[in-house]
Structures are given as structure tokens and as C-alpha cells.
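Last residue of the sequence shown: 113 (numbering that gives the first Met the number 0), numbering continuous. Here the structure is laid out as C-alpha cells; the discussion comes afterwards.
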Amino acid sequence: MKIGQLSAETGVSIRLLRYYEEQGLLTSTRTPGGHRVYGADAPATVRRIRRFLDAGLSTRIIAEIIECVCGSEQEIEPCLSPLVLAELSRVDQELERLALTRESLAELVAAARG
């Protein structure tokens, strides 16, 4: 399938598909004329990439874990659980830090008003 077809099927812009390829998240072959051609599994791969991005994973992390996807229909393979749990823990710690920062700022505002 050509890049335009992949874009239409997944709703992801051609520009982003090229970016995913530059980042090593998506692969294609080239025709003699230089056009990208993607395999039949490309739409599922793009959907996984989008799911990982929506979950807050960076393209660097996705590049590390995309090979763990072994072609099942599951969005997250069992081998990814430790990595996803570690990222969830990191996000939880950041949320705790932000909650403390918010509390401190709210106290400053309250003191300035009162």
C-alpha cells in the first residue's frame, strides 16, 4: 500500500507517517520510482504507534518497544508490561510533585488575598 492509502486508512497525515519512518517506528520499501510501499500490517502498526503516543510514550521509547509487538491484535504485548508499569510509576510521581507545587501556589495566592 502506498503512503496516501495508509494515510487515508489510518487518518494519520502523510507528514506524520514519514516522521514515524524517520524515527524507526514504521518501515517501508521503495519502488523503482522511489515511492514508499508499506506492508499489509502497516495500518495495525500505525494504530499501535498512535495508541502509544496517546498514552504519553515518547517516540524514543516506542522505537525501543515496537519490536516487542509480535503481530497479535493486542495493543500491548505481555513483554511490554514492565516498561509500561515503569512509565506509569514515573507519571504518578510527576503528578504527586505537581500536586504539591499546586498546593504551594494556592497557599501563596490565598496569603496574598487575605
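Ideal Cβ placement from N, Cα and C applies to all residues, glycine included. If you're wondering where the values come from, they're calculated on a predicted model, not measured in any experiment.
Per-residue DSSP class, three states only, for residue i
{"i": "VAL45", "result": "helix"}
{"i": "THR26", "result": "coil"}
Unbroken alpha helix (DSSP H) run spanning residue i, endpoints
{"i": "ILE122", "result": "No answer is possible for residue 122: it lies beyond the span of the chain, which begins at 0 and ends at 113."}
{"i": "PRO31", "result": "First-last for PRO31: undefined, no H or E at that position."}
{"i": "SER88", "result": "80–112"}
Cβ pair residue i, residue j closer than 8 angstroms
{"i": "GLU31", "j": "THR9", "result": "Here residue 31 is Pro; the residue named in the question, Glu, does not match the sequence. No."}
{"i": "VAL36", "j": "THR28", "result": "yes"}
{"i": "LEU25", "j": "ILE48", "result": "yes"}
Beta-carbon proximity list for residue i, same chain, < 8 angstroms, skipping 5 on both sides
{"i": "GLY55", "result": "GLU86, VAL90"}
{"i": "GLU21", "result": "none"}
Residue i beta carbon near the ligand COA (any heavy atom closer than 7 angstroms)
{"i": "ARG89", "result": "The model depicted lacks the ligand COA and carries no ligand whatsoever."}
Residue i versus the options, residue with shortest Cα-Cα distance
{"i": "TYR19", "options": "GLY38, ALA7, ARG59", "result": "ARG59"}
{"i": "PHE51", "options": "ILE65, ALA39, ASP40", "result": "ILE65"}
{"i": "ARG46", "options": "VAL83, VAL11, GLN4", "result": "VAL11"}
{"i": "GLY133", "options": "ILE13, PRO81, LYS1, SER6", "result": "The question about residue 133 has no answer, for the chain in this structure spans 0 to 113."}
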